[in-house]
Amino acid sequence: PNSAMTQKAAMETRKVAEMHKAMREMQKTIEDNFDYVGNGFAEEARKIHYGESEERNIYGETSEEEAKSLDEEGVKVSRVPWLPKENA
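Written out as structure tokens, the structure reads:
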């Protein structure tokens, strides 16, 4: 095999591993500091936005359509790519 190709592949593999490590660190920070609200994310985000629930950082799941609806209502949300658990 071409050693330049092998070196490039090794470098790409390291970059992917570094990205995964950074994403896992971000996920741990979110898990440690935000309240998990599961599939009730959109509903709870609205309640917080409209003062019906305690203001706090939350995370969970929602559909693309619900995320767009939240944005249109002025509810500030961020979409974060989520890696599955390593030992799942």
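If you read the sequence shown in our numbering, its first letter stands for residue 6, the second for the next number, and so on.
Glycine is no exception: its CB is placed at the ideal position from the N, C-alpha and C atoms.
If you're wondering where the values come from, they're calculated on a predicted model, not measured in any experiment.
Can you check which of these residues, the options, is closest to residue i by C-alpha distance?
i, options, result
"K73", "G65, S83 and Y64", "S83"
"E59", "E66, E49 and K26", "E49"
"I63", "Y55, K33 and D40", "D40"
"R61", "E71, K81, S68 and T67", "K81"
"E36", "E91, G65 and E78", "G65"
"L88", "Q12, A15 and E30", "E30"
"M78", "I53, E91 and K90", "Residue identity check: residue 78 is Glu in the sequence provided, not Met. For E78, the nearest C-alpha among the options comes from I53."
"Y55", "E17, L75, K26 and E23", "L75"
"E91", "M10, H25 and A9", "H25"
Quick check on residue i: does DSSP put it in helix, strand or coil?
i, result
"V21", "helix"
In the DSSP assignment, find the unbroken alpha helix (DSSP H) run with residue i in it and report its ends.
i, result
"E49", "F46 to H54"
"K81", "Neither: K81 is in no alpha helix (DSSP H) and is coded neither H nor E."
Which residue marks the beginning of the beta strand (DSSP E) containing residue i, and which one marks its end?
i, result
"G65", "I63 to G65"
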